[in-house]
Ligand code: FAD
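Residue numbers (our numbering): 359 to 640.
Okay, here's the thing in structure tokens:
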């Protein structure tokens, strides 16, 4: 049993695109209740999903008894649109938001248009100005550096700005090398950060999908993992079994080193997250 008292677990879902996917999401969330998550979060805008999709999924998950938190990205939205979304979430009784910059689809330049906020720190400031302390604000952290940053220390300083602007906690981009996380946390603490920095955990279930995600977000897949997965080819059962072993071991290491909790990127699929959970809690 690696889990100790006080360590909290959260789950991330994305808005389903159709009714069949909606039914799968409900089934997935239901089966992950065994983890007793302190909250669940719902992505926004990622992969072309809409604001309404996030909102509806938050409602579905709230109706299932979860404390559900929408992700909110500022790129491409005006200040007024963001304020309206904050008001709407507040009226719905939402108390937690994952505040992000977001990414524009490729070919749309680096800014979200006139009036759009350029960085997540601007969104955290806007949330605090507009909604005071109503929302518990989570922000993103990058142990292996955000891919657009000009250097790890500069990226860390931008992270610290989000904390100083009023973030309550952070969730990391996924990683497979625990040392990168511990180094990031040490350096953040040296700059005065005391908020929880919760590791984001990506189950490994599909080699090509993992390569695609990692290329986009700058998460390193260690050579030995890449080679093992490549050798397994289309043998999905072996990839899943190996992936569960590798990620469960990473979680064990993190939990034994007293991380504040774990945030699972479920990808709306319960099997791998459940298998990892059984391994670390059983
Ligand atoms: P920021 O904190 O703004 O950082 C982005 C870049 O700008 C970094 O390189 C940083 O160093 C730099 N920077 C920050 N502040 C400044 C400044 N003041 N001056 C100069 N440079 C600065 N994407 C989605 O579209 N939808 C989602 O739901 C979603 N959920 C996510 C959840 C988690 C836990 C994580 C880790 C990522 C998520 N993403 C999501 C991806 C995220 O939107 C991208 O990684 C995006 O490129 C950066 O978002 P950010 O909030 O970290 O941005």
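For glycine and all other residues, C-beta sits at the position ideal for the given N, C-alpha and C.
These numbers come from a predicted model, not from an experiment.
Using a 10 angstroms sphere on the CB of residue 537, the tally of other CB atoms stays under 16, which defines it as exposed.
Boundaries of the beta strand (DSSP E) around residue 620: 619-623. In the DSSP assignment, residue 366 forms a beta bridge with 619. Taking C-alpha positions only, residue 499 is separated from residue 614 by approximately 21 Å.
For residue 371, the three-state secondary structure derived from DSSP is strand. Residue state for residue 412 is assigned as helix, using DSSP reduced to three classes. At the C-beta level, residue 383 and residue 432 stay beyond 8 Å of one another. Considered as a whole, the region 379-466 harbours 397-400, 426-431 and 454-458 as its complete beta strand (DSSP E) runs of no fewer than 3 residues, in chain order. Excluding its 5 nearest sequence neighbours in each direction, residue 520 has C-beta neighbours in its own chain below 7 Å: 478, 479, 482 and 497, listed in chain order. DSSP places residue 640 in the coil class of the three-state scheme, outside both helix and strand.
Distances between the C-beta of residue 502 and the heavy atoms of ligand 1 are all 7 Å or more. Contact check for residue 476 against residue 424 fails: the beta carbons are separated by 8 Å or more. Linking residue 589 to residue 633 through their CA atoms gives a straight-line distance of about 23 Å. Taking non-hydrogen atoms of ligand 1 into account, the C-beta of residue 520 is found less than 7 Å away from one of them.
The region 551-563 makes contact with the region 523-533; the number of CB pairs closer than 8 Å reaches 3 or more. For residue 496, the uninterrupted beta strand (DSSP E) run begins and ends at 494-499, by DSSP. For residue 575, the closest of 360, 461, 408 and 484 by C-alpha to C-alpha distance is 461.
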